[in-house]
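This is how it looks when you write it as structure tokens:
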């Protein structure tokens, strides 16, 4: 709301400057004021641009945090699944025992 009001004031001051002659103090003050108003408008635009960028960063950060939470949950699930898988050690032991028996049988022949 402040930007439209300051723009109206700026436009009005420019119109008043056109009515004033170059010499009087009023004209000098009006010459200075639009510059300040223009600087203020430019400053306001920069601040609005920064605020927009900060809002975009907040959105991006929230998205990244959700992705991290999802990854952490998936990692936890994968870890639980890995722990619930039976060990392959008994299978290795059974294969080793079968091979040993096969060697023993071959030796006895």
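Numbering (the numbering used here), first residue to last: 2 to 110. Note that the Cβ used here is the ideal one computed from N, Cα and C, for glycine as well.
- Within the stretch 31-88, not a single complete alpha helix (DSSP H) segment reaches 4 residues in length.
- The DSSP-derived three-state label of residue 108 is helix.
- Here the C-alpha atom of residue 99 lies approximately 32 Å from the C-alpha atom of residue 80.
- With a cut-off of 8 Å on Cβ pairs, the stretch 38-51 is in contact with the stretch 9-19, counting three or more such pairs.
- For residue 73 and residue 92, the gap between their C-alpha atoms comes out near 32 Å.
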